[in-house]
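Report on one structure; see the data block that follows.
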Amino acid sequence: MRPPSLNREVRAAIFAGAMIWLALAAAMLVAGAVDAFGGGSGWRDMVLSAGLVTTAAGLVAFSTRGATPPPTQRFGFLVVVTLWTMAPLAATAPFILHGMTPVDALFEATSGLTTTGATVMTGLDTESRAILMWRAIMQWLGGVGILALGLVLLPFLQIGGMQLFSKESSDRSSDKPLPRFASFGRTLLGVYAFATIACAMAYSAVGLSGFDAVAHALTTVSTAGFSTYDASMGHFDSVGPLWVGSFFMLVGSLPFAMYIAFLAGRRPFGIDPQVPLFLTIVAIASVLVIVLRNDVITSRAVAEDVFNVISVITTTGYAASDYTAWGSTPVAIFFLLMFLGGCAGSTTGGVKTYRLLVTGAMLRTHLRRLVMPNAVSLTRYGAREVDPAVFRSALVFLIAFAVSLMALTVALAGTGLDFLTAHTAALTALTNVGPGLGPVIGPAGNFATIPDAAKLLVTLGMILGRLEILPVLVLLLPEFWRR
2 MRPPSLNREV
12 RAAIFAGAMI
22 WLALAAAMLV
32 AGAVDAFGGG
42 SGWRDMVLSA
52 GLVTTAAGLV
62 AFSTRGATPP
72 PTQRFGFLVV
82 VTLWTMAPLA
92 ATAPFILHGM
102 TPVDALFEAT
112 SGLTTTGATV
122 MTGLDTESRA
132 ILMWRAIMQW
142 LGGVGILALG
152 LVLLPFLQIG
162 GMQLFSKESS
172 DRSSDKPLPR
182 FASFGRTLLG
192 VYAFATIACA
202 MAYSAVGLSG
212 FDAVAHALTT
222 VSTAGFSTYD
232 ASMGHFDSVG
242 PLWVGSFFML
252 VGSLPFAMYI
262 AFLAGRRPFG
272 IDPQVPLFLT
282 IVAIASVLVI
292 VLRNDVITSR
302 AVAEDVFNVI
312 SVITTTGYAA
322 SDYTAWGSTP
332 VAIFFLLMFL
342 GGCAGSTTGG
352 VKTYRLLVTG
362 AMLRTHLRRL
372 VMPNAVSLTR
382 YGAREVDPAV
392 FRSALVFLIA
402 FAVSLMALTV
412 ALAGTGLDFL
422 TAHTAALTAL
432 TNVGPGLGPV
442 IGPAGNFATI
452 PDAAKLLVTL
462 GMILGRLEIL
472 PVLVLLLPEF
482 WRR
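Here the sequence shown stands for residues 2 to 484, where the numbers follow my numbering.
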């Protein structure tokens with residue numbers, strides 16, 4: 002039997018999900034308004050979707066109202082998993098009314114909100130502006146949720162070493178960006194919105210239409226990757242959009258707390274060692290792909306090379322061209338980049354750069370102890386000495402990631418997919434990259450032709466990856482429900 006406190010926590014988590022549904026309903030009206038302003042007819046489905054979602058949210062909120070549990074870790078796990086499970090359900094409404102099957106609609110909605118960027122849609126060039134803008138808004142809102150997840154919830158839950166970036170810890174130090182969380186949240190949202198507006202203006206300056214500039218800005222800063230064209234960013238003939246996209250994907254992949262620290266007058270690159278490491282990896286990978294690509298080096302080729310490298314490592318998922326045709330070595334580089342992701346505290350997915358530093362520090366400390374068993378060896382992240390629990394947590398995440406990748410690969414292969422498609426579909430889902438490798442789901446394809454069972458498995462993988470796996474696994478423990 003569940004303890005009474007757990008019942009309150011479940012009700013409160015579902016109530017929070019209903020509030021998210023209301024926010025999504027409002028976003029549907031925005032997408033509908035954009036379509037109506039442009040003279041389209043897709044706004045009607047958006048208005049109907051908003052009405053249906055609002056009604057459902059009202060019923061759910063009414064039936065779960067009044068529960069106010071304390072902010073415990075158990076409640077945190079429940080809220081995180083509940084919100085990211087409920088939100089895609091509401092976001093399917095416009096797609097279903099548009100004629101998509103429930104499985105395809107759930108896949109597209111989950112991909113949007115988790116900022117994965119994988120798609121089952123074709124014919125985007127002639128699609129209604131309502132649906133195109135809804136896809137973009139979903140990803141931008143997903144980016145907001147990811148920032149809250151990475152900067153507040155995962156550190157609080159001590160997931161995957163993210164407690165290293167706990168605001169509670171920073172509140173006790175001189176590195177506190179802002180005095181109160183509410184102020185921090187407003188500043189964070191302001192920085193995110195400002196970056197999006199700047200990106201839209203930059204896209205417009207290099208020739209994109211107003212609609213394309215806004216839609217792509219929403220999915221660039223959120224490192225999400227939905228485009229308004231089947232050819233993604235390869236649709237544009239000039240290199241301007243590629244360089245603008247490259248710059249703002251990098252903006253979205255760096256720690257947003259760094260920007261806030263910069264606004265507070267502190268030297269940002271002295272705060273977090275993952276930033277210079279990440280930028281170094283981007284630079285090295287870009288140079289290697291430029292040199293090793295099976296093609297003549299031109300200004301367009303260089304722009305495509307850099308853009309595709311940044312798109313993959315930031316888990317955005319745009320494609321400027323089919324990089325799987327560039328030779329085996331560049332493809333191997335892109336495969337490795339799919340694992341990495343950007344920095345912690347950004348909108349990116351993947352393993353995250355800071356975990357490279359964490360595992361490297363753990364390895365160095367262990368090797369030093371083998372050489373000098375009696376020496377005192379401190380494990381550091383940058384200049385800071387770090388609690389060993391942080392390193393253990395990061396290692397547990399890496400193990401869970403590897404096991405999940407193997408299990409999801411086997412499950413996808415069981416649906417009839419070939420090994421390359423199954424493995425890279427599992428990888429791109431867990432890292433929230435978007436496209437995989439190969440002719441089926443590579444940058445020149447999409448997920449439309451894979452079986453429904455595989456689509457559902459990839460959908461599950463996208464949620465697992467976005468939540469960094471462990472919160473979902475925690476809910477599977479019987480002890481969690483008996484506490």
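Note that beta-carbon positions come from the ideal geometry of N, C-alpha and C, so glycine has one too.
Three-state secondary structure (DSSP) of glutamate 469
coil
Along the chain, which unbroken stretches of the alpha helix (DSSP H) at least 4 residues long are found entirely within the region 274 to 358?
275 to 293, 300 to 314 and 329 to 341
Would you mind reading off the limits of the alpha helix (DSSP H) that contains glycine 208?
Counting along the chain, glycine 208 falls outside any alpha helix (DSSP H), and DSSP gives it neither H nor E.
Our contact map puts valine 11 next to proline 472 with C-beta atoms below 8 Å; I'd like the distance itself, whole angstroms only.
Not a contact, Cβ separation roughly 15 Å.
Let me confirm a value: leucine 468 is counted as buried when at least 16 other C-beta atoms fall within 10 Å, else exposed. Which label applies?
buried
Please state the DSSP three-state secondary structure of aspartate 176.
Its pLDDT being 45, under 50, aspartate 176 is placed unreliably by the model, and nothing is read from it.
Is methionine 543 buried or exposed, if buried means 16 or more other CB atoms sit within 10 Å of its CB?
Not covered by the structure: residue 543. The range shown for the chain is 2 to 484.
With DSSP run on the structure shown, which of helix, strand or coil describes glutamate 128?
coil
Leaving out five residues before and five after glycine 186 in sequence, what residues of the same chain have Cβ atoms less than 6 Å from its Cβ?
none
Methionine 47, buried or exposed, once every other Cβ within 10 Å from all chains shown has been counted against 16:
buried
Enumerate in chain order the residues of its own chain whose CB-to-CB distance from methionine 122 is below 6 Å, with the five nearest sequence positions on each side excluded.
none
Among residues of its own chain, excluding the 5 on either side of valine 61, which ones have a beta-carbon nearer than 8 Å to its beta-carbon?
Ile15, Phe16, Gly18, Ala19 and Trp22
Segment contact, 8 Å Cβ cut-off, at least three pairs: the region 343 to 361 with the region 147 to 156:
yes
How would you label threonine 281, buried or exposed, when you count the other beta carbons within 10 angstroms and need 16 or more for buried?
Exposed, by the Cβ-count rule.
Mind reading off the beta-carbon distance from isoleucine 97 to proline 103? Whole number of angstroms is fine, and I expect it under 8 Å.
6 Å
Roughly how many angstroms separate the alpha carbons of glycine 146 and alanine 302, rounded to a whole number?
Near 35 Å, if we compare the C-alpha coordinates of alanine 302 and glycine 146.
Following the continuous alpha helix (DSSP H) through isoleucine 400, name the residue where it begins and the one where it ends.
389 to 414
Best match in Ala333, Asp213, Phe263 and Ile261 for proximity to leucine 293 [C-alpha to C-alpha]:
For leucine 293, the nearest C-alpha among the options comes from Ala333.
If you drop the 5 nearest sequence neighbours on each side, which residues of the same chain put their C-beta closer than 7 Å to that of alanine 214?
These residues qualify, in order along the chain: Ala201, Tyr204 and Ser205.
If threonine 425 and leucine 438 are in contact, beta carbons under 8 Å, what's the gap, nearest whole angstrom?
4 Å
Can you tell me whether arginine 66 is helix, strand or coil according to DSSP?
coil
With DSSP as the reference, please indicate the residues paired to tyrosine 382 in a beta bridge.
Arg385
From valine 434 to glycine 144, what does the alpha carbon distance come to, in whole angstroms?
14 Å
Look at the Cβ atom of leucine 243, then the Cβ atom of phenylalanine 335, and state whether they are nearer than 8 Å.
no
When you compare only the Cα positions, how much space is there between serine 329 and valine 290?
11 Å
Give me the residue from Ala403, Val283 and Trp85 with the minimum Cα distance to methionine 248.
The sequence given here has phenylalanine at residue 248, not methionine. Among Ala403, Val283 and Trp85, the Cα nearest to that of phenylalanine 248 is on Val283.
Out of Leu418, Thr229 and Trp135, state which residue places its alpha-carbon closest to the alpha-carbon of serine 210.
Comparing C-alpha distances from serine 210 to each of Leu418, Thr229 and Trp135 shows the shortest one belongs to Thr229.
State the CB to CB distance for the pair phenylalanine 227 and alanine 304, rounded to an integer number of angstroms; the pair is presumed to be in contact (CB under 8 Å).
For phenylalanine 227 against alanine 304, the beta-carbon gap comes to about 21 Å, at or over 8 Å, which does not count as contact.
Could you tell me whether the region 31 to 48 touches the region 127 to 137, where touching means 3 or more Cβ pairs closer than 8 Å?
Flag = yes, the region 31 to 48 and the region 127 to 137 touch.
7 Å Cβ shell around serine 112 - same chain, five flanking residues per side excluded
Gly118, Ala119, Thr120 and Met463, listed in sequence order.
Return the chain-ordered list of same chain residues with a C-beta closer than 8 Å to the C-beta of glutamate 386, the five sequence neighbours on each side being excluded.
Leu379 and Thr380
Can glycine 1 and methionine 259 be called in contact, C-beta distance under 8 Å?
Because the chain spans 2 through 484 in this model, residue 1 falls outside it and cannot be assessed.
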